[in-house]
Amino acid sequence: MLNSYRSKLIALMAAVIGLMVAVLLTSYTGARWVIQDDALTHERRTVQLYERGLEEQRIELARFAATVRDDAEVGDYAFAAISIGSGKQSLEQLLERRFPRMPVDAIMLFWGDGRVSQGSGAESIIDEVVSWPMSATNSTFYVERDEALYLVAVVPFDYQQERLAQVAVAVNLGGSWLHQQGAGLQAKLFFERDGKVFNSPDSNFYFSSFDTAGGQMMMGDELYSLSEIKLPAADGVSARLWLAQSDTAMLETLNRYNKIMVWLAVVVLAIMLITSLVAVNRFSQPIHSLITLTQQMADGQLPDLRRSRGYTEIDRLLNHFIDLIDALRNKQQEVDKVHKALIRSSITDELTGFYNRRHLADVFPKLLAQANRDSLCIAAILIDIDFFKKINDTLGHVTGDLCLKSFSDMLRSVVRASDFVFRMGGEEFLVLATGRCEQSAELLAEKIRLATENNIVNVDGKPLSVTVSLGVSSLPADMQAMPSLSELMTQADHALYAAKHAGRNCVRVYSGDEHDSGECKHQDVAQPRATEVP
């Protein structure tokens, strides 16, 4: 009879519609039971949560009492007040000063015929608290008042192995405490005694009638279900703590559920018509994405694709491909990062951070081309730290490295950002600068010399100062022939030799006269000094 796909589809749709009708009928009869059971389960769990919280608060309160008792300063003041009979006011002030942030409403210390208290709730309960037997061990109990219930923790106070007093701390389980519990918008906490509410953060509860046996309360037009929260260690306490859970939320949930079921029946018919199209699209789209992805990977590309949010095998396969591409991309980034680090380490000096001699051959042609293009001078300043070998030999290589690092930091602050600084080896440095002609380069060299002379290095608490000799050579802006790096370096080296020959701690500019070696004006400070270097 079902020989065509059309008839099979009609039969399938009829079966689904019949199934939906059965589901709706079952839902209408069973939804209330399910929602009510869920509400009761939630209520029971909430009650258990509050009971555990009260038990933890009881234990914490006993810990607070022990903290007060074990305070050494409190012990000394208490011993003086008990044994000598004086200093009660000082003890009260000490309690207020030592425990201002302790989350309790009262701190009390009492003995035979004396008592000391601190806190807003102490006066109303201390008479009942002091009746606690001195021989009792650590314990907690409740003190009831007309509109309050106090949880009290008492611990014995022993001084030098003699029991002298009792220490008690109390917290008021009143409106402020109830409000802090944060029962939520649909659930509320209140205390009841003999069928009457005596403490609640909601004033409406004071005028509401409720049936504790039936577990219900009417407040206005709203019905609340009640669950008792057992107070830990509350034998003989008439006050009871209740959790009131509004049934409004449950009924609203049931109404929403029924509406959802009606709308579900309407949309299922539409879903049946488009399901086949969606299924084909959901299956074919990941396949096309995989084909495109594999083609791009074959071409050496690592495309950035969005992850599929589907849960089918094809979606998972596509996401695995994307994970693979991400892993390859991360590895490529790591390789690039390591490659850049290797390149940087190959052209820089590890100690000073300046370029090394190897990189000079790469920089100079570019610098020369820029100077020719922009008609700029090029200056080379060759720097040598005076008597550096003596520092290494007398103070050690660690001190020598410290001097080099300090000198490098100083030099970096003196030169321009566009200048190139190289460590040529040992204590020899080179500054290459464009736009600095002979006079400007000499001024820069003198600036470096003065900055070095005034730079003090702290070595084991002792100041150490060094000086430098500097040789300057420069290429004019209108140079006709293309000079070589070795020429420029040779000229700077001749000038440096002249500076050393003149007594060090000075600047010499290459002039072509090898006999230009007049004495330096600053040779009296050319020796390194570590107050003094031995």
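With numbering that gives the first Met the number 0, letter number 344 in the sequence shown gets 343, and the count goes up by one each step, no holes.
Every residue, glycine too, gets a C-beta built ideally from N, C-alpha and C.
Does DSSP put residue i in a helix, in a strand, or in coil?
{"i": "Pro364", "result": "helix"}
{"i": "Lys229", "result": "coil"}
{"i": "Phe387", "result": "helix"}
{"i": "Ala432", "result": "strand"}
{"i": "Tyr509", "result": "coil"}
{"i": "Tyr354", "result": "strand"}
{"i": "Ser468", "result": "strand"}
{"i": "Ile377", "result": "strand"}
{"i": "Phe98", "result": "coil"}
{"i": "Asn454", "result": "coil"}
{"i": "Thr606", "result": "Outside the shown range of the chain (0 to 533) lies residue 606, about which nothing can therefore be said."}
{"i": "Gln331", "result": "helix"}
{"i": "Val129", "result": "coil"}
{"i": "Asn171", "result": "strand"}
{"i": "Glu349", "result": "coil"}
{"i": "Asn371", "result": "helix"}
{"i": "Arg305", "result": "coil"}
{"i": "Asn504", "result": "coil"}
{"i": "Ala525", "result": "Reliability fails at Ala525, whose pLDDT of 44 lies under 50, so the model's placement of it is uncertain and no value is given."}
{"i": "Asp104", "result": "coil"}
{"i": "Val153", "result": "strand"}
{"i": "Ser138", "result": "strand"}
{"i": "Ala212", "result": "coil"}
Candidates the options: which alpha carbon is nearest residue i's?
{"i": "Leu443", "options": "Ala378, Asp492, Ile390", "result": "Ala378"}
{"i": "Ala38", "options": "Ser224, Val129, Asp361", "result": "Ser224"}
{"i": "Val153", "options": "Ser123, Glu143, Ala105", "result": "Ala105"}
{"i": "Ser26", "options": "Asn257, Met107, Ala212", "result": "Asn257"}
{"i": "Pro102", "options": "Gly120, Tyr496, Ala80", "result": "Gly120"}
{"i": "Asp157", "options": "Arg343, Phe197, Phe78", "result": "Phe78"}
{"i": "Leu18", "options": "Ile384, Asn457, Met260", "result": "Met260"}
{"i": "Arg411", "options": "Arg435, Ala450, Val397", "result": "Ala450"}
{"i": "Trp110", "options": "Leu93, Arg97, Ser130", "result": "Ser130"}
{"i": "Gly289", "options": "Val414, Ala164, Phe320", "result": "Residue 289 is actually Leu in this sequence, not Gly. The shortest C-alpha separation from Leu289 is found at Phe320."}
{"i": "Gly235", "options": "Leu263, Tyr76, Arg192, Asp246", "result": "Arg192"}
{"i": "Ser374", "options": "Asp400, Asp348, Pro475, Thr347", "result": "Pro475"}
{"i": "Glu50", "options": "Asn329, Val20, Pro231", "result": "Pro231"}
{"i": "Gly173", "options": "Tyr76, Leu150, Ala164, Gln160", "result": "Leu150"}
{"i": "Arg114", "options": "Ala80, Arg96, Thr139", "result": "Ala80"}
{"i": "Lys461", "options": "Gly52, Leu401, Glu441", "result": "Leu401"}
{"i": "Gln180", "options": "Val20, Leu53, Gly299, Val414", "result": "Leu53"}
{"i": "Leu327", "options": "Gln438, Leu93, Gln300", "result": "Gln300"}
{"i": "Ile346", "options": "His287, Ala297, Met423, Thr274", "result": "Met423"}
{"i": "Gly425", "options": "Asn355, Arg62, Glu55", "result": "Asn355"}
{"i": "His41", "options": "Asp70, Met249, Leu93, Asp220", "result": "Met249"}
Please classify residue i as buried or exposed, where buried requires at least 16 other C-beta atoms within 10 Å of its C-beta.
{"i": "Ser82", "result": "exposed"}
{"i": "Val334", "result": "exposed"}
{"i": "Ile541", "result": "Because residue 541 is not part of the residues shown, which for the chain are 0 to 533, the question remains open."}
{"i": "His545", "result": "A query on residue 545 cannot be resolved here, the shown segment of the chain reaching from 0 to 533 and no further."}
{"i": "Thr530", "result": "Summary for Thr530: the model assigns pLDDT 41, below 50, so the residue's position carries little reliability; its value from the coordinates is reported in the next sentence. By the neighbour-count rule (16 or more Cβ atoms within 10 Å), Thr530 is not buried but exposed."}
{"i": "Tyr205", "result": "exposed"}
{"i": "Ala501", "result": "buried"}
{"i": "Leu24", "result": "exposed"}
{"i": "Val266", "result": "exposed"}
{"i": "Ser245", "result": "buried"}
{"i": "Ser202", "result": "exposed"}
{"i": "Ile342", "result": "exposed"}
{"i": "Met217", "result": "exposed"}
{"i": "Val33", "result": "exposed"}
{"i": "Asp348", "result": "buried"}
Skipping 5 residues on each side, what residues in its chain have a beta carbon closer than 6 Å to that of residue i?
{"i": "Glu452", "result": "Thr466"}
{"i": "Gln295", "result": "Pro302"}
{"i": "Gly118", "result": "Asp104, Ala105, Ile106"}
{"i": "Ala64", "result": "Ala152, Val154, Val166, Val168"}
{"i": "Ser405", "result": "Val456"}
{"i": "Ala525", "result": "Low confidence applies to Ala525: its pLDDT is 44, below 50, so where it sits in the model is not reliable, and the reading given next is rough at best. Only Asp385, Thr466, Arg503, Asn504 meet the Cβ criterion."}
{"i": "Leu8", "result": "Its pLDDT being 49, under 50, Leu8 is placed unreliably by the model, and nothing is read from it."}
{"i": "Ser116", "result": "Met107, Ile125"}
Skipping 5 residues on each side, what residues in its chain have a beta carbon closer than 7 Å to that of residue i?
{"i": "Thr45", "result": "Ala186, Leu242"}
{"i": "Ala14", "result": "none"}
{"i": "Gln490", "result": "Ser472, Tyr509"}
{"i": "Glu146", "result": "Phe197, Asn198"}
{"i": "Thr398", "result": "Ile390, Val458"}
{"i": "Thr139", "result": "Arg57, Leu60, Ala61, Leu150, Val151, Ala152, Ala232"}
Consider the C-beta atom of residue i and the heavy atoms of the ligand NAP; say whether any pair is separated by less than 7 Å.
{"i": "Ile290", "result": "Although the ligand NAP was asked about, the structure shown includes no ligands whatsoever."}
For this session: Say whether the segment 461-471 touches the segment 488-507, bearing in mind that this needs 3 or more beta-carbon pairs closer than 8 Å, one atom from each stretch.
Result: yes
Exercise. Can we say the segment 391-401 touches the segment 428-435, given the rule of at least three CB pairs closer than 8 Å?
Worked result: no
Exercise. Would the segment 405-421 and the segment 357-369 be scored as touching if the rule is three or more Cβ pairs under 8 Å?
Worked result: yes
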